[in-house]
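When you line the sequence shown up against the numbering used here, it's residues 9 to 596, in that order.
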Amino acid sequence: MARRGNQSHQSRQAPTTPQGAAPADTAVAHRPSFAILLASTCGLAFFLRLLHVLQTFEVPTLIQLLGDAKGYVDWAVRISDGDWYGSETFYQAPLYPYFLAVLISIFGPSITLIRMVQMTLGVAGVALIGLAGRKLFSERVGLVSALMLAAYPPAIYYDGIIQKAALATFLLCAVIAACVYLQTERRWWHAVLVGVSLGLLVLARENALLWTPLIPVWILLGLRETNRHRWKLVGCYAGGIALILLPVAARNASLGGEWSPTTFQAGPNFYIGNNIEASGIYVPLVPGRATPMYERADAERLAEQAVGHELSAREVSQFWMARSWEDIRQAPGRWLQLMVAKTFMVFNRYEVPDVESMYIFREYSVPLQLSRIWHFGTLCPLGIWGLIATWRDWRKLWLYHLLLLTMIAAVVGFFILGRYRNPVAILLIPFAAAGVVDLFTRTWQEKRRSIGVVAVLLVSGILCNIRVHEERSLLASCYMNMGIAACKAGNLPSGIQLLQDAIAEFPEMAEGYVNLGRAYMLNQQPDRAAQCFQTALALDPRLLGVRYQLGEALEYSGAQQQAIEQYRRALAETPPDARAAEALSRIQ
């Protein structure tokens, strides 16, 4: 019957090709294959990321690393020098520093080469998300998914900075692709790949640990196979994830006496995101000490001071978790308001910066200019429509719905940073692509428009693009970090200008005045430095270490008595500043 149908179809077509095929069939035959189109999309992803890396080569925070980036590279250098086992339980996710250590062992400590490797991982992630979209939905959805990730400015940005987000994005794409292939082909090595890739992701992004029990439940309930084969797949998955996480748990146990497959910072992080003064974004436990050098030490010191004795790593985490719930019980209404606010933050267009800001990098990078139109505030409404449009296939998609909801809950439960929210974007991309394909079909093939579609896109678009952050203060903080980096690199004029720009952007930022004061001290301008330190203390008297710096600026300005007073006040701080004792013995 099909053969006759084809013959009848051909008989109605004129003219035909010399081989007897209809022009429409010839057009299909000459249509580029999925592999060629996906490879072209990966080429676009490579070009955009390479251009971004080259154009941001001289960004100060890439010349002189700060914050987590410096902590990761310093840790990686120690590993590459032979300290691969370490002496403490992991406080930060360990995979990225070990990944950097391998690169440093091969290429040396070249930030540019590290960025190039991360860029390549980003391109591989584009290929994986395209393959996953094809298997899960269709070739069109796969290609649109790949194109979306290829040109997604936050992904380009995170691939180009020294942060674990680049590695985590690739691993998340690998997890998604492995799950899709396991779902469609049900082979045992796909289950192993799911376990291995998810185990690696947990070591880069700790909240992925919440996904580990979902996969076996999905295998047992969601795959149409015999019971024996389903349990075989569960065993293969368990073996894959155990292969990655058990050695880490054993290593932590050997150093801290407690088993943990990841890290011991859940308690402090939960407190930062949920204490009675929390705003929803990162604020260090001690003002002015937002670096890996201080984070662990401050969490331990404050917890041990509160209980009066030494605590293990797990006990420190439990202390801060308990303190969080005390604050929540004290003001439950405020906490519920905070959770609503954090939910809006997760779905907002704005990429909350950490040390560096995509919006400052955008001043250097042409590919990041796409963020003016292609950002999370555009992606999210398309993703929401895609979720609605594909709901009829929920039995096939419920695992990916659960992964998305769990990740959203994990981000809301702690605090919001753009790089923490990025997995939500990656999980949304295949659904957003399905939404785009559905919109195209409705517009150009069915020739009809739906009021429901317009309503969903309009309402979600408005909600995702309203201003919910104090963007000026966040941008000012990143300008400040740029200035600090420039000063540390020896470019004092540029550093001072950037610090002045930061204060002009947000004059209420006490830390900006502290760092401008330090820059003036390096520039041998103690009078101006003293004014900056005094302004910083007036804005935030809790800042540690600033009394000593003010005393030093006054001493070099010739105001000996005022300097002595500040040194004495520095000694009265908790913890006391030992440098102040040395200064007093020197000038008294």
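From the three backbone atoms N, C-alpha and C, an ideal C-beta is built for every residue, glycine too.
It should be emphasised that the depicted structure is a prediction, and the values quoted were computed from it without experimental measurement.
Counting of Cβ neighbours within 10 angstroms places S379 among the buried residues, the total reaching 16 or more. Between A571 and L558, the alpha-carbon positions lie close to 7 Å from each other. Here V467 is exposed. Its C-beta has fewer than 16 other C-beta atoms within 10 Å.
For I289, the secondary structure class from DSSP, reduced to helix, strand or coil, is strand.
The three-state secondary structure of I119, taken from DSSP, is helix. Residue pairing for I424: DSSP places it in a beta bridge opposite I289.
Secondary structure of R86 (DSSP, three-state): helix.
Taking all protein chains in view, the Cβ of N356 is crowded by 16 or more other Cβ atoms within 10 Å, so the residue is classified as buried. At the C-beta level, T299 and P102 stay beyond 9 Å of one another. For Y358, there is no enclosing alpha helix (DSSP H), as DSSP marks it with neither H nor E. I280 sits away from G207, with the two beta carbons spaced by 9 Å or more. When DSSP states are grouped into helix, strand and coil, Q569 belongs to the helix group. The distance from the Cβ of V461 to that of R450 is about 7 Å, consistent with a contact at the 8 Å cut-off. The stretch 118-136 makes contact with the stretch 175-195, as at least three CB pairs between them are under 8 Å. The beta carbons of K172 and A212 sit about 5 Å from each other, so the pair counts as a contact at 8 Å. Within a 10 Å sphere around the beta-carbon of H317 sit fewer than 16 other beta-carbons, which makes this residue exposed. Judged by DSSP in its simplified three-state form, Q345 adopts helix. Between the stretch 391-407 and the stretch 317-334, the count of Cβ pairs shorter than 8 Å is below three; the stretches do not touch. The beta carbon of I368 sits closer than 6 Å to the beta carbons of C486 from its chain, once the five residues preceding and following it are set aside; these are given in chain order. The alpha-carbon separation between I87 and L74 amounts to approximately 19 Å. Residues P276, Y279, I280, E303, D306, A307, L310 of the same chain have their beta carbon placed closer than 8 Å to that of L293, with the five preceding and five following residues left out of the count. Of G90, G79, D167, the smallest CA-CA separation from L56 is found for D167. Taking C-alpha positions only, A441 is separated from S153 by approximately 5 Å.
With contacts defined by Cβ atoms closer than 9 Å, G385 and N473 form a contacting pair. Nearest to L482 by C-alpha distance, out of W226, W83, I381, E516, is E516.
In this structure, the CA atom of A339 is about 40 Å from the CA atom of A588. Secondary structure of E334 (DSSP, three-state): helix.
In this structure, N489 lies near T69, with their beta-carbon atoms less than 9 Å apart.
Excluding its 5 nearest sequence neighbours in each direction, A261 has C-beta neighbours in its own chain below 6 Å: W267, listed in chain order. A straight-line Cα-Cα distance of about 20 Å links L222 and P438. By the CB criterion at 9 Å, M353 and V476 fall inside the cutoff. Between the C-alpha atoms of A497 and I122 there is a straight-line separation of about 20 Å. Closest in C-alpha terms to I137, from the list P117, Y160, Y428, comes Y160. Burial state of P583 is exposed, judged by a 10 Å Cβ sphere holding fewer than 16 other Cβ atoms. A straight-line Cα-Cα distance of about 37 Å links Q345 and A580. A check of alpha carbon separations from V432 across L412, L139, Y165 identifies L412 as the nearest.
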